[in-house]
Amino acid sequence: MTLSAQIFQLLLTGITIGSIYAMVAIGFNIIYNTTDAMNFAQGEFVVIGGLSMIMFHETLGLSLFISFFISVALVTLVGIIFERLTISPLKNPPLVTVILITIAVSIILKGLAMITWGKDSHPLEPFSSAEPIQIGGAAILPQALWVIGITLLVVLLLTYMFRFTMVGKALRACAINRDATKLMGINAKAMITLSFAISGAIGGVAGIIITPITLMEYDRGAMLGIKGFSAAIVGGVGNSTGAVVAGLMIGILESFFAGFISSGYKDAFAFLIMLLVLFVRPGGLLGRYEVE
Amino acid sequence: MSKKNFLAYVVFAIAIFLFPVVERDEYFLTVMIIVGINVLVTLGLTMLIGFAGQLSLCQAAFYGIGAYTTGVLSTKFGINPWISIVFAIFLACCVAFFLGLPALKLRGHYLAMATLGFGEIVNIVFKELGTLTGGPSGLTGIPRLTLAGICLDTDLRYFVFVWFFVLLVIAFLMNLTRSRVGRGLLALKRSEDAAGVMGVPVARYKIEVFMLGSALAALGGAFYAHYVTVISPESFDVFFSLVVVTMVVAGGLTYVWGSVIGAFFFTILPEVLQAFEDYSIVTYGSILLFILMFMPQGIAGIIDSGMKKVKRAFS
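Here's what the structure looks like:
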C-alpha cells in the first residue's frame, strides 16, 4: 500500500471510530446540560444497543429495520427507567454521589448484560455487503459508510430538534437556567427524563451501527464511555458541535498514532490529548474559556 | 483525637490483634490483610475527597505506582525491598506533585476527568512497558519482606505487620483532621475563595493532601506487591479507582472511620457475593446504589447518628 493510500485508510478508520466517540459525547452532553451529572453509564447504553440488536436480528430473526427500532426503543426505556429510579428521587445530591450513582447503575447494567448475553463477544452481520469497497488504494467496509452516514443523520436530526422544535428549545432552556425554565411553565422534571431518553437512544444507535465492525461484549462500556467523555471535554463540555469535532479528531489522531507510532499506546495518546486540553484550555477547544 | 474516637480506636486495635488469636484460617487472614491494605489506600482518598473536597479518580494509579516501583526495583535491580518501598513512596509523591500542579486548579467534573484520564494512561503504561513490568501477564517473583531477620512469609506475621502500620496511619490522620491543617482543609472544601481570604494556603494544602493521599496509596501498593509477590495491571485499573471512591463515599465521607468501614465492607462484600456467581455483579451494583441513595452520610454516618440516638435515649 502506498503512503497516501495508507493515510487515506487510517483517516477513514479514524472517522468511523470517531463517529462513535462523537455520539457518546453528544449523549453525555445532553444529560450534563439538563442535570449537571456526569453519566458514567453512557458506554453501557452503547453495549446494550449493540447486544439487543444481535438478539432481535440474529437470534430472533426479525428484520434489520424492525430490530433497529426495537433495540433503540429498549435502550431509550433503559435511560428513562434509570433516571426515574435513581436521579429523579434525589434532591440536590452532592456531585460525588451523583457520579457514584451513575457508576452503580453502569455496574448493574453490565451485570445484567452479562447474565443476558454471557461473557463472549457476539458478531452482527453488516447492514449491507461485507465486501470492502476499493477507493484510491484503500479498502473501506460498507458498514463504515453506514456508521458515518447514520452519525451524520443523527447529528442533523438533533440539530433540527434543538434549534427549531419546542421540545428542543425547552431542553436548551433547561440547560441555561432550570429555575427560570420552571417559571416559564416548562416541566423541568420531564425535560430531565427526556434528556436521559434521548441520550439512551443515541447510545443505542451508536452501539447498533458499530457492532458489525467491532463485535460487542458485555464489558466494552467503560472504555467507550471514557473515550466519549474525553471527546466531550476536548470539545468543551455541553457543546454539541464541539463533541462532534472532538470525537472525530480523537478518532483520527488515535488511528494515525496507532498506524504510525504504536498501537499499544493509542488509548494513552487519546487521554493525553484530553489532559493537555484540560490543563491548557479547560473550557475545551470550542468551549467558552471558563471553568466552574 | 477526641475522647470518643480514642475509645473507639483502642477497642478497634484490640479487636484487630485479637482476630488472629481467634481465627487462624489462612483464607480469613488473607482477606484481612487485603482489607488492611485497602484501608491504607482508602484513607488517603478520604483526606482528599472527604476533607479537602477534591474528587480524584486515579487512586489506583498511585496504588499501582507503589506496587510496580518496589516490585521492579527489587526483582529486576536487586535493590533491598525496604529501600525500594521508600523509593516507591517518593516517586508517587513526585508524580502527585507534578500532576497536582495543573490538575488541582480544575474543579468538580474537570478534576474527576483529568484524574480518570491520568489513571488510564498509567494503567496502559503498566501493560505496555513489558520489559520492565512484565506486560499484561504481570510481574512475578517479587521478594517477601524481612524484618529484623524474620521473614514475613506467613499470613500471621504479615497480618500483624500491615495492621501495625494501618493503626499508626489512622492515629496520625485522626490527629491531623483535628489540627489547624484539618480545619483548613474542611474550610476549603466549603469554599476555596472564603478559605483563601481567611489565610488558608489553598493551593499548597490541596497539593500536600493530594501527595499525602498518593503516598498512602503507594504504601498500600508496596505492601500488596510484597505480599502477593505477583502483580498484574488489572489490579490497578480505573475500576479499582472507582471501588476506592466507593469505599470512601459509602463508608462515610467525612469520617476517618468511614474509610475503615468502607474498606472492610467493600473488600469482604465481593468475597461473600462469589456465592451468587453470575449475579454477583448485579448484586454488588444494587447494594452500592442502595447505600448511595438511602444512606447519603455513608455507613459511618448511620452508626454515628444511631449512637447519638442511643445516647439521648439513656440521658
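Which chain is which? The protein sequence lines are A and B, in order. One rule links them: number in the working numbering = place in the first sequence (from 1) + 1059. One rule links them: number in the working numbering = place in the second sequence (from 1) + 1301. Glycine included, every Cβ here is placed at the ideal spot set by N, Cα and C.
Neighbours of K1169(A) in chain B, taken as residues at a C-beta separation under 7 Å, are given in chain order as I1582. Residue pairing for A1198(A): DSSP places it in a beta bridge opposite Q1193(A). Closer than 7 Å to the CB of I1425(B) there is at least one CB belonging to chain A.
Per the C-alpha coordinates, the member of G1177(A), I1074(A) and L1154(A) positioned closest to E1578(B) is G1177(A).
According to DSSP, residue pairing for M1275(A) in a beta bridge involves H1181(A). In this structure G1521(B) touches Y1364(B) by the C-beta definition: roughly 6 Å separates them, less than 8 Å. A contact is defined here as three or more CB-CB pairs under 8 Å, and the stretch 1268-1279 of chain A fails this definition with respect to the stretch 1304-1319 of chain A.
By alpha-carbon distance to Y1525(B), the top candidate from V1482(B), H1410(B), I1315(B) and F1460(B) is F1460(B). Counting the other CB atoms within 10 Å of its CB gives V1426(B) a total of 16 or more, which places it among the buried residues.
Between V1106(A) and V1264(A), the C-beta gap is not smaller than 7 Å, which leaves the two residues out of contact. Among the CB atoms of chain A, one or more fall inside 7 Å of the CB of H1410(B). Taking the beta carbon of G1287(A) as reference, no residue of chain B falls within 9 Å; the closest one sits roughly 11 Å away. At least one beta carbon of chain B lies nearer than 7 Å to the beta carbon of T1156(A).
Under the 7 Å criterion on CB atoms, G1586(B) is classed as interfacial with respect to chain A. By the Cβ criterion, the stretch 1380-1394 of chain B is not in contact with the stretch 1331-1345 of chain B, since fewer than three pairs of Cβ atoms, one from each stretch, lie closer than 8 Å. Closest option to R1237(A), judged by alpha-carbon separation, among V1226(A), G1227(A) and I1251(A): I1251(A). The residue from S1492(B), I1317(B), A1519(B) and L1486(B) with its alpha-carbon nearest to that of K1507(B) is L1486(B). Using a CB distance below 8 Å, the part of the stretch 1529-1549 of chain B facing chain A consists of V1539, F1540, L1543, V1546 and T1547, ordered along the chain.
In this structure, L1110(A) sits near M1275(A), with a CB-CB distance shorter than 7 Å. Secondary structure of L1405(B) (DSSP, three-state): coil. Separation of L1574(B) and A1309(B) (C-alpha to C-alpha, rounded to the nearest whole angstrom) is 29 Å.
Assignment of T1447(B) by DSSP, reduced to helix, strand and coil, places it in the strand class. For L1593(B), the CB contacts under 8 Å within the same chain, skipping 5 residues up- and downstream, are V1550 and A1551 in chain order. In this structure, the alpha-carbon of L1144(A) lies about 36 Å from that of A1203(A).
Put simply, the CB of A1415(B) is near chain A, with a gap under 7 Å to one of its CB atoms. For Q1068(A), the uninterrupted alpha helix (DSSP H) segment begins and ends at L1062 to T1094. Assigned with DSSP and collapsed to three states, L1149(A) falls in coil, not helix or strand. Of all C-beta pairs linking the stretch 1351-1370 of chain B to the stretch 1427-1447 of chain B, three or more are shorter than 8 Å, placing the two stretches in contact. Ranked by Cα distance from A1081(A), the options V1155(A), N1098(A) and L1283(A) are led by L1283(A).
Within the same chain, and ignoring the five residues on either side of I1292(A) in sequence, the residues whose Cβ sits closer than 7 Å to its Cβ are M1333, V1336, L1337 and G1343. The beta carbon of I1562(B) sits closer than 6 Å to the beta carbons of G1552, I1600 and A1601 from its chain, once the five residues preceding and following it are set aside; these are given in chain order. Rounded to whole angstroms, the separation of the alpha carbons of L1517(B) and K1490(B) is 21 Å. Using a Cβ-Cβ cut-off of 7 Å, G1418(B) is close to S1289, F1330, M1333 and L1334 of chain A, given in chain order.
Note on the stretch 1447-1509 of chain B: there is no whole beta strand (DSSP E) run with a minimum of 3 residues.
Judged by pairs of C-beta atoms under 8 Å, the stretch 1088-1108 of chain A touches the stretch 1254-1262 of chain A, as three or more such pairs exist.
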